[in-house]
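The structure under discussion appears below in the form of structure tokens.
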Amino acid sequence: MAGPTGRVLVLGGGIGGMQAALDLAEAGFYVYLAEHGPAIGGTMARLDKTFPTNDCAMCIMSPKLVEAGRHLNIEVITDADLISLAGEAGRYTAYLSRRPRYVRMDKCTGCGDCAEACPVVQPSAFDAGLGKRKAIYKLYPQATPNAFGIEKRGMPPCRATCPAGCNGQAYAALIAQGKFQEALDVVRRRVPFASICGRICHHPCETECNRGQYEGPVALAALKRAAADFGWPGTGRADPEASGPQEGLQPVAVIGAGPGGLTAAMDLAALGHPVTVFDASGQPGGMLRQAVPRYRLPLDMLDRELDWMLSKERLSFRGGVKVGRDVSLAALRAEGFAAFVAATGFPVARGLPLPGADLGRVYLGLDFLRQVNAGDPPAVEGPVVVIGGGNVAVDCARTARRLGAQAVTVACLESRDMMPAHSWEIDEALEEGVAIAAGWGPKAITAGGGNAPAAVECIGCVSVFDAAGRFSPVYDETKRQSLPVATVILAIGQGGDNAFLAEEGVQVTRAGGVVADPRTGATAAPGIFACGDAVSGPASAVEAIAGGHRVAETVHRYLLGLDLEAEAAGEPERARPPAGPVPARRRHPVPLSPAAKHARDFSEVSLGYDRETAQAEAARCLQCGVCSECLECVHACQREAVNHADCAQDLALEVGAVILAPGAESVPVARGEYGYGYYPNVLTSQEFERVLSASGPFAGNVERPSDGKEPRKIAFLQCVGSRDVGCGQPYCSAVCCMYATKEAIIAQEHIPGLQTAIFFMDMRAYGKEFDRYYEAASAEHGVRYHRCMVSGVRQDPLTKDLDLTYVDDGGRHTEETFDMVVLSTGLRPAAPARLTAGRLGLDIDPHGFLSGGGLEPWRTQRPGIYAAGTVTDPKDIPETVVEASAAACAASRLLASARGTQVKTKEYPPERDVSAEDPRVGVFICRCGRNIANVVDVAGLVANARGLPGVAYVEENLYTCSQDTQGRIREKIEEHSLNRVVVASCTPRTHEPLFRDTLREAGLNPYLFEMANIRDQCSWVHMHEPERATVKARSLVAMAVAKARLLYPIPSRSFPINQSGLVIGGGLAGMTAALALAEQGYAAHLVEREPDLGGHLRHIHTALSDREDPQALLQELRERVRSHPLISLHLSYQVRAQEGYLGNYRTTLAPTGPGEERVVEHGAVIVATGAAEASAPGFGQGADPRIITQTQLEEDLGGPGEARAGVYVLIQCAGSRSEQRPYCSRICCTQAVKNAVALLKRAPGARVFILYRDLRTYGLKEGLYEEARRLGVTFVRYDAAEPPEVKAGKVLTVEVEDTALGARLVLEADHVVLATGIEPKDNNTLAKILKVPLTVDGFFLEAHLKLRPVEFAAEGIYLCGLAHSPRFIAETIAQANAAAIRAVTLLSQPQLAAKGITVSVNERTCTGCGICLEACAYAARELDEETGVAKIREILCQGCGACAVACPSGATQQKGFEQGQVLAMVEAALD
Amino acid sequence: MKYLYYPGCSLHATAKEYDLSTRAVCAGLGLALEEVPDWNCCGASSAHATNHLLSLALPARVLGLAAGSGLDVVAPCAACYNRLRAAGRALCDPAEAPGIAEAAGLPRPTEAAGVRVLSVLELLVAQRDRWLARVRRPLGLKVAAYYGCLLVRPPGLLGFDAAEHPRSLDRLLEDLGATPVDWPGRIDCCGGGLSIARPDLVRELCGRLLGWAARAGAEVIATACPLCGLNLEMRRPPRAPALPVLYLTELVGLALDLPGAKGWGRYHLVSPAGVTRRAGGGA
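This is the structure in structure tokens:
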């Protein structure tokens, strides 16, 4: 079999996924980092600050974002999910599906012009729904990749229902923003008759509108009219969807200038075919002009719209020509027409074979309307009876009213409900005084005097259609009535006029219609097509328009010689209304003309909305599809990056291993719990986190949602969705106690004088430095802590303040009013996590967490698949980071033989020597789309820059960062022999590495680059002062140029590396770390002070689960360590001295007993020296054999003897969390509970009391606590001020003040077990040798509590196990593996490159005062005792500049920021 | 449509107006009510507090009497409603059912368990179509909808509305043309059965409720429980706002302009004359 693949797939781009990806990429593997969402960053990106250091989450994370986003060997794949996995560990094929993003990431520069143009405003999920975003959006400002994406949720029902596919949501969205012209553009894409359809369309879109489920549909028809009324004549921009003129263009004749014919003509002309529209009438419009009454469609509106259509290029109109009569098809063919579209309509009015139908003043409906519209109304005398129940009949009746008839009756066969006319037309007719005689069939018209009709004789009609739906009226002869009349209008049907087509071989129906394929419009005769009423019979205008589009498509295909029918696209998914509550908004009635009530004239009945009402009505749209496809983004994007036709993509990735890091989500709060969802001032903790965040929806101003006021008093309620069996979340979420404390502290920093109170059950401050943070919160910040659950939250209806009911610490029922309540919601695995676990067939526990890893939780049941972070149990950031590194280490061990085989390296041209050249500065000034150019006068900036000294070339770019501009910069460097480059654009924070790389690719040293920040610090912050912003930008550019002239190349230096590690300490952590190094192929020296391996693990007998056996683990580790050829053991040795630095250390080992010193050489150090069990003075420890420690109990339980029954009193915090040892030892609560459970299982008669202060069984360990309670362990909480008293007389007693009972208990014990906690060993000596810091408590202090938990600030030295802080076996193993992979990221480098920006020392001016040594956090400065000069260990220097600032003589200078350079900038600024 | 009617003791005594208005509203809507024959006390107060078996056997007997008729039981009193539902559930529990059946003398306990019991609120919500179009005099009053403890809780037993934030009565009032106020007392306790034993406590609770309702701008409190109605009228502390308390059926009667609706007011200890006069002003 072939060896493993050197690529790894990491699923999930949160902090865990990023850490794993970076570790692996740095350790010689190619990494696919696949993220479900549109950007990496995960939960941490949404946090404001982090505990316990109060660092800004985004500030500490964004370097990782940038690094992961730019790493040559990390490929970020967003919007992707794992579908399946084939193969086996080492050689997997991962199948991923990537959802369409609709934005080309290679083109998008993240400028945001698209979002500016987007009319769809959505609640931002990133801001927990408190902020707003657009349908096209970037997840958050610092998002990586820095690209926008579009959210689509299917096709909105309005658009799906419209026969012509008119995009209702889109024009509504644009109108809501007041963009009427753009809205008109959108309407016209599918309905060229915007004004007309806005007035007469029967709007099936409104029937389906999702808003209709609430307070009635959005008035889409009236909005369409508003778009035309206020947006005329549209923007005139090119339609981005139109394909434009193409090949194979030939003349087309369209017969009939009604809506169908004109639509077809417009489409064909747009495609490039010359189109001539013929019409028998002299004017275009068809029935719109001839039959639709003017009070519905005013003539000027009609003319305006038709003129606009006929003015289109390639479109001509020949009126007054009846094809077939005035000109034959043959003649037209001879003229060159290659195809014909019969859009001849159904223009022939039909009568009834009724006695008396030939009398005078008996008219045919359609003809009657035609005459009226032609300005030649026939004589009408009342009473009038209109026979027929359709829209034509109603139009006739209303027209007759307007012609002066007083009594007008519509008589129809159908019942009132079944009339084919639209109900609103009937309602308006009734309003105008028209009467309806429903259910009557005419039998005869009787004559009065002369030729005039006198009455219509009717009989009752029982039913109109038979069972098969055919027209077959059944009458009731017994029901009769005679309607007196003076005028009769027969409006009962129409016919077609297509006899001329029959001669061409087209099939024509009896009614005169054309037989054509309803999908394509093709007839039996080649080259002849048909659409509209001619095919369908009388139908609505929008249906005719739809037919016009279809036939145009067919004709186009016909002329191009393609299959007539395009491949059918699948039915688009219909968008459902948004989930969650929808705020009520009533429909705005469309104002009607008051005159219409009297029906006196032909002025328009409907007045339409005014602008404001139209905008308000449009805002009722629920935006079902999210993106409305209005295409404003396409217009706005100057990079042509938007692609609405994007579709899902399947990926198959060859990888050796997979790491799952999909993260967690907040447990949703049940609507109503503590008033959430009802009371506006009750927020969840993530919502509050966004409220606090400076980049959040309120820009960091803490305000109440109800009134925007600053709160004066905030309550935090813990354990909402945690430790709650009732809501199915019995476990502890591990982070809430601390984040609530943090949120309280930070909120107080925001609002001076703010009062905060935290209501909790147990304060679980179990992590490193947590207890100190918690103590400070109450002692220094005044956060109040109440150990109780709140029983009720009531809202004051007037102030929206919240009244909390609780029992206070003294047991008193209390009510207290707060301005705001924050619910500390728990964590559960994110939805994609469950899905992925299912697809991979991995076991999950009942709560959804991945289970099965045992003492190595990052292992799953399947080899080669690892997990990290909150997918295995709830945990906070450092634990996630550690576990991610541990998972990366596991992958690196598995794939060690493939290390370095799949990585990419970049080849650069040799650097040009510019030392002899005069400065020739090239300046590239970015417009950033509109971001800079809309505020700053970029052209002026360019002109100004040309005049600056040293400048050889200046240009402006639309986007300086785009790929093509990078090519341009390289060209210009060569063309103009540039030797310095200045870019004036966004910010060096994200873009400086890119431009430096471009210089390097062009053969220039990357440090010959300078950047002017004219966006983030200029056009954005001064957007309302364009002139002053321009002045500032000019200065910024001048400063950058002034500095650039003084830049010189900084050579990159590299150092060799000794590829082995030294592990100090042979306990669990040390053995694990040494093995991890060795199994990745790197030699390890393992130093242990004692003669035997094992450390504290030798005393641990039970693990948290029965499945694991610590002693078996110990045996196995010992054997593997002893037998591994790459591990050199140094038992009974300790570190005595060390010299050298990162990559090259020489360490002297001294024997603890007799023996000789040894010197070992290595490239990295892992500190794993462990800690010790503490003693507990004051609790009688050692005074009585019945008083033992947890460790002794554990050993008893692990021994062979019978466990003894009797009374056990377990005392927690016996020495921990005291003045002497103010920290929490983390493991004791769980250990006590674990031992209690084990004891009761072995000796069911035993009685166990656990005396505790806070029970800190965090995370899933809460399950053990629950089990202990079930087994009958009695838990007694005591207060720190009154610790239990142990009295060892003849009878052993423990006295304790029970805070729950408020009474003193005296317990007679057989055994007292003390949880004495863990204390650090004397780490001072080693810390001094290694030059690394310790915490106040004496543990080693890592580089950063959150993000660099297993390494020291001094590079090359790593840390794990109890030497770091108290922790469990699994946590120690994780840290050891994490430390090992971190070491391997160093050891696997072929050589080490020093940072370019370091400091330099002028040895002549250095006085050797040593101030710089103290300033340096990285141990990069050292004093040369002989010369008296403070030297630089360049490999350790991070270029922070702290020593340069501290240097009193100016001997230390930071490269790239030297005094001369900075002064030149200052001078340029003052010029 | 026909229902069996279980008035319980209070509708024959302290909540006479609740009885009258319920009967009048049902009659007006064409819903026939027939009293459960030979009904007995539901055991809500004394039995419930003292004897578990008795507290279930008493209402179980009522269910037994209703079984076989095929009709649903309407129980206007929230406490009766709650006890009858509890008995129905207990009769489905194999551990409890035999004992209860024996004590209540039920030959066919499963049949009794199958009897559906409705509160008047549930009934009116279900029959909304019957009365909505008949609202002749939209109330035009600001009303505090008071559900109390027993109408919507415990959720597992009743569950026709949200237990902590019920809205059905508010929506009903809105349909009647009233404006339901946002007030914090919706599901708070009035003191219930402690009215005799601890009047001091009941007075305190009622005072809070009345204060909250008045502060929210309510002109009247709408209740569906005779005990709440009685406590709020009888046990109001001296300085509490003099808000009248009406049963929801009385408000339906006023809105539908049923004959005699204004006459029910004389049974109240706090005269609702002011609001009944104003009612109908929402037209």
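Those sequence lines, one after another, are chains E and F.
Note that this note's numbering has the first sequence beginning at 1, numbered continuously upward.
Note that this note's numbering has the second sequence beginning at 10001, numbered continuously upward.
Where a beta carbon is used, it is the ideal one built from N, C-alpha and C, also for glycine.
Query: Between which two residues does the beta strand (DSSP E) harbouring E75 (chain E) extend?; Result: 74 to 77
Query: Have a look at E:K1287, E:Y739, E:K713, E:I150 and flag the residue whose alpha-carbon is nearest the alpha-carbon of V682 (chain E).; Result: E:K713
Query: To the nearest angstrom, how far is it from the Cα of W10264 (chain F) to the Cα of K10002 (chain F)?; Result: 24 Å
Query: Starting from the beta carbon of A10162 (chain F), find every residue of chain E whose beta carbon is closer than 9 Å, and list them in chain order.; Result: R671, G672
Query: Quick check on R585 (chain E) - is its C-beta less than 7 Å from some C-beta in chain F?; Result: no
Query: Determine which residues share a DSSP beta bridge with V385 (chain E) and list them.; Result: E:T409, E:V488
Query: Would you call N498 (chain E) buried or exposed, if buried means 16 or more other Cβ atoms sit within 10 Å of its Cβ?; Result: buried
Query: Can you tell which of E:V8, E:L1097, E:A128 has its C-alpha closest to the C-alpha of T93 (chain E)?; Result: E:V8
Query: Considering only residues of the segment 10116 to 10150 of chain F, which uninterrupted alpha helix (DSSP H) runs meet the minimum length of 4 residues and lie entirely inside it, listed in chain order?; Result: 10120 to 10126, 10128 to 10131
Query: Can you give me, in chain order, the residues of the segment 796 to 818 of chain E that have a beta carbon less than 8 Å from any beta carbon in chain F?; Result: D796, P797, L798, D803
Query: Which one or two residues does DSSP pair with I1357 (chain E) in a beta bridge?; Result: E:V1165
Query: Taking only runs of the alpha helix (DSSP H) that begin and end inside the segment 80 to 109 of chain E, which ones reach a length of at least 4 residues, in chain order?; Result: none
Query: Grab me the residues of A10283 (chain F)'s own chain with a C-beta within less than 8 Å of its C-beta, minus the 5 sequence neighbours each way, in chain order.; Result: Reliability fails at A10283 (chain F), whose pLDDT of 44 lies under 50, so the model's placement of it is uncertain and the value that follows must be treated cautiously. These residues qualify, in order along the chain: R10137, P10138, G10140, G10177.
Query: Is it true that the segment 1276 to 1290 of chain E meets the segment 1245 to 1259 of chain E, where meeting means three or more beta-carbon pairs spaced less than 8 Å apart?; Result: yes
Query: Excluding five sequence neighbours on each side, which residues of the same chain lie with their C-beta closer than 6 Å to the C-beta of L139 (chain E)?; Result: P38, A39, F126
Query: Note down, in chain order, every chain F residue with its Cβ under 7 Å from the Cβ of Y678 (chain E).; Result: H10165
Query: Tell me the rounded alpha-carbon separation between A1164 (chain E) and R1053 (chain E).; Result: 20 Å
Query: How would you write the range of the alpha helix (DSSP H) that V1031 (chain E) sits in, first residue to last?; Result: 1026 to 1045
Query: Have a look at N167 (chain E) and Q623 (chain E) and give me their C-alpha separation to the nearest angstrom.; Result: 11 Å
Query: Comparing alpha-carbon positions, which option in F:I10187, F:A10049, F:Y10006 lies nearest Y10146 (chain F)?; Result: F:I10187
Query: Taking the C-alpha atoms as reference points, what is the distance between G365 (chain E) and V408 (chain E)?; Result: 14 Å
Query: Beta carbons nearer than 9 Å to chain E: which residues of the segment 10178 to 10198 of chain F have them?; Result: V10181, D10182, W10183, P10184, G10185, D10188
Query: With distances taken Cα to Cα, identify the nearest neighbour of L483 (chain E) among E:F500, E:G496, E:C458.; Result: E:C458
Query: Can you name, in chain order, every residue of its own chain whose Cβ lies under 6 Å from the Cβ of D876 (chain E), other than the five neighbours on each side?; Result: V735
Query: Listing by chain order, which chain F residues have their CB less than 7 Å from the CB of R794 (chain E)?; Result: P10184
Query: What residues in the segment 10206 to 10228 of chain F have a beta carbon less than 7 Å from any beta carbon of chain E?; Result: R10215, A10216
Query: Between which two residues does the beta strand (DSSP E) holding L982 (chain E) run?; Result: In the sequence under discussion, the amino acid at residue 982 (chain E) is Val, which differs from the Leu named in the question. Residues 980 to 985.
Query: So, with DSSP's three-state summary, where would you put Q1391 (chain E)?; Result: strand
Query: Please name the residue, chosen from E:I932, E:S915, E:P1154, that lies closest to Y1048 (chain E) on a Cα-to-Cα basis.; Result: E:S915
Query: Short of 6 Å in beta carbon distance, which residues of its chain neighbour Q1461 (chain E), apart from the five on each side in sequence? Order them along the chain.; Result: K1043, L1046
Query: Span of the beta strand (DSSP E) holding C926 (chain E)?; Result: 921 to 926
Query: Please classify M789 (chain E) as buried or exposed, where buried requires at least 16 other C-beta atoms within 10 Å of its C-beta.; Result: exposed
Query: Would you list, in sequence order, the uninterrupted alpha helix (DSSP H) runs of no fewer than 4 residues that lie entirely inside the segment 10039 to 10092 of chain F?; Result: 10046 to 10050, 10052 to 10066, 10078 to 10090
Query: Tell me whether P4 (chain E), by its Cβ, gets closer than 6 Å to a heavy atom of the ligand ZN.; Result: Looking for the ligand ZN in the displayed structure turns up nothing, as the structure carries no ligands at all.
Query: Could you tell me which residues DSSP pairs with P10180 (chain F) in its beta bridges?; Result: F:V10143
Query: Classify C647 (chain E) as buried or exposed, calling it buried when 16 or more other Cβ atoms lie within 10 Å of its own Cβ.; Result: exposed
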